[in-house]
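Numbering (the numbering used here), first residue to last: 116 to 208. What follows is a set of notes on a single structure, which appears directly below.
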């Protein structure tokens with residue numbers, strides 16, 4: 116697997132983790148899966164509003180969860196870059 120494919124897999128794993136967290140939250144606010152829409156209608160309404168709001172227009176509090184996930188992506192990039200730099204240094208010695 117080349118470097119780009121490795122990064123893709125790391126980011127895909129992170130995205131899956133984020134999606135899994137969302138699904139866990141959705142389930143936690145519902146008594147049973149069949150009741151998701153009824154039990155959490157207000158949450159779905161809030162998410163719909165947020166989903167239709169450009170990032171720039173969100174409040175600082177609303178932006179923070181997006182920043183949390185973006186920090187995770189940056190961490191993957193930082194780790195990948197550090198690995199690449201380390202390999203280059205080793206190959207030069």
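Think of the CB as a built atom: it goes at the ideal place given N, C-alpha and C, for glycine as much as any other residue. Quick caveat, the model's predicted, so the values are computed rather than measured.
In this structure, residue 195 keeps its C-beta atom at 9 Å or more from the C-beta atom of residue 137. Under the DSSP assignment, residue 164 falls in the alpha helix (DSSP H) whose first and last residues are 156-166. In this structure, DSSP gives residue 116 a state outside helix and strand, which the three-state scheme calls coil. With a cutoff of 9 Å on beta-carbon distance, residue 129 and residue 184 are scored as near each other. Rounded to the nearest angstrom, the gap between the Cα atoms of residue 159 and residue 141 is 9 Å.
For the 9 Å CB-CB criterion, residue 187 and residue 133 form a contact. With respect to residue 199, residue 118 sits close: the two C-beta atoms are nearer than 9 Å.
Look at residue 180 here: in three-state DSSP terms it is helix.
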